[in-house]
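What follows is a short report on a single structure.
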Amino acid sequence: MRPGGKQGRATPVSDIDMVPMMNLFTVLVPVLLLAAVFANVTVLELQLPPKGSGEEGAERFVEKEALNLMVVISAEGITVGGSGGFLPSVLKTEGHYDPNELIALLQIVRNEFPEEAEVTVASEPTIPYENVMAVMDICRERGFNQIALVGLHMQPVLPGEGA
Amino acid sequence: MRVNNSSARRAGAKRRTRFATVLSVTSLVDILSILLIFLLMSFAPEGAVIHAAQDLELPESTSPEKVEGSDLVLAVTERGVSVGEHMIAGLEDWKGQLWIPELGAAIGPVSEDDPAAASRRVLVQGDKTIPFDLLYAVLFTAHQVGYQKLALAAYEKAPDQIGGVQ
Chain R
-17 MRPGGKQGRA TPVSDIDMVP MMNLFTVLVP VLLLAAVFAN VTVLELQLPP KGSGEEGAER
43 FVEKEALNLM VVISAEGITV GGSGGFLPSV LKTEGHYDPN ELIALLQIVR NEFPEEAEVT
103 VASEPTIPYE NVMAVMDICR ERGFNQIALV GLHMQPVLPG EGA
Chain U
935 MRVNNSSARR AGAKRRTRFA TVLSVTSLVD ILSILLIFLL MSFAPEGAVI HAAQDLELPE
995 STSPEKVEGS DLVLAVTERG VSVGEHMIAG LEDWKGQLWI PELGAAIGPV SEDDPAAASR
1055 RVLVQGDKTI PFDLLYAVLF TAHQVGYQKL ALAAYEKAPD QIGGVQ
């Protein structure tokens, strides 16, 4: 700063001017804080029984000589079944399901049918969404990617003349 | 009080006469640089961002799929279904029926001549505590008015150690 900088060398300690850097930082931090995404949202795609369901849908389901893997969530527990029969249920212990048991059951199915990707998840009306999502997620992790969602014991009120 | 004040003032005055203090910004710069690095790392430029609706906590999922910008995002809580900040269907009269008339009227019907609208994905942000019948009614209604692609939103979770991804 001073003219004759060489004489300034006599003072051994010199501070770097941090003010411009601070200016930059104080602007950048709020900008990035606003733009930051702390919780990433993911998406799980699913299907519903075909529109008009009833007979058409049922025919399509039965016609196929497929596994028709089904995971049924009820208040008592989770049951895994298919065209061939049912596996033993995962029952609630101390108020909640043990996901490892379901994983083990699905692994049995996976070993039998390595190519299968379809699963139907059916649930009773009162089951919390969180539990249904957890079951769907376990199915997806085991490779059953095409998830169809079905409601059990729903009140079937169909659209009136409006739709 | 008065004694303290005057003594503090005296001490302050003494200091002021002796030193010209320089504000040390080094520690501040340290903190800001760490914060900056952290924020730069969490900065996600790719993919669309959706903001979670109020009073709503999503469940968790390990699904790798991402939100698309064209998604029709419905937020579902016990009180009703909303798009953005607007409540489009209250649930005071809802008694567990599959078809929610107000929601059906608000988002549909989708005409089959309009392939862009019909192929639009409906993304349901449901609070994790809502009962399954409410979630299913919303999905059913959206499906019934003509939306073919349905999806659920969840917070991203690292894959379980036990579960693993095959």
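As given, the protein sequences belong to chains R and U, one line each in that order.
Mapping the first sequence onto my numbering, position 67 (from 1) lands on 49, and the numbers just tick up by one.
Mapping the second sequence onto my numbering, position 58 (from 1) lands on 992, and the numbers just tick up by one.
All residues carry an ideal CB built from backbone N, CA and C; glycine is no exception.
Neighbours of residue 90/R in chain U, taken as residues whose beta carbon is under 9 Å from its own, are absent, since the nearest beta carbon is some 13 Å off. The three-state secondary structure of residue 1064/U, taken from DSSP, is coil.
Taking 9 Å as the upper bound on Cβ-Cβ separation, chain U lies near residues 105, 106, 107, 108, 109, 110, 111, 112, 113, 114, 115, 116, 118, 119, 120, 122, 123, 124, 125, 131 and 132 of the region 99 to 132 of chain R. Cβ-Cβ distances below 7 Å link residue 108/R to 57 in the same chain, with the five nearest sequence neighbours on each side left out; the list follows chain order. Just measuring C-alpha positions, the residue of 1045/U, 1063/U, 1069/U and 1058/U sitting nearest residue 1080/U is 1045/U. With 16 or more neighbouring CB atoms inside 10 Å of its own CB, residue 1077/U falls in the buried class. For residue 1059/U, the beta-bridge partners assigned by DSSP are 1009/U.
Around residue 1031/U, the same chain offers 1071 as residues with beta carbons nearer than 7 Å, after the five sequence neighbours per side are excluded. Taking 7 Å as the Cβ-Cβ cut-off, the region 1020 to 1052 of chain U approaches chain R at 1030, 1031, 1032, 1033, 1035, 1038, 1039, 1042 and 1043, given in chain order.
Of the candidates 134/R, 70/R and 124/R, 124/R places its Cα closest to the Cα of residue 89/R.
Between residue 23/R and residue 969/U, the CB-CB gap reaches or exceeds 8 Å. Interface residue (Cβ-Cβ distance to chain R less than 8 Å): residue 964/U is not classified as such.
Residue nearest to residue 956/U within the set 3/R, 6/R, 8/R and -4/R is -4/R (criterion: CA-CA distance). Residue contact with chain U for residue 28/R: present (Cβ-Cβ distance below 8 Å to some residue of chain U).
When CB distances to chain R are screened at a threshold of 9 Å, the residues of the region 1078 to 1093 of chain U falling below it are 1078, 1079, 1080, 1082, 1083, 1084, 1085, 1086, 1087, 1088, 1089, 1090, 1091 and 1093, in chain order.
Taken through DSSP and simplified to helix, strand or coil, residue 52/R comes out as strand. For residue 1067/U, the C-beta contacts it makes with chain R under 7 Å involve 107, 133 and 136, in order along the chain. Contact annotation: residue 1009/U and residue 990/U have beta-carbon atoms nearer than 8 Å. With respect to the 8 Å criterion, residue 1006/U and residue 1056/U are classified as neighbours on the basis of their beta carbons. Under the 8 Å criterion on CB atoms, residue 1064/U is classed as interfacial with respect to chain R. Two segments are said to touch when three or more pairs of C-beta atoms, one from each, lie closer than 8 Å; by this definition the region 88 to 107 of chain R touches the region 52 to 72 of chain R. A distance below 8 Å between beta-carbons, with the five flanking residues on each side excluded, links residue 27/R to the following residues of its chain, in chain order: 129.
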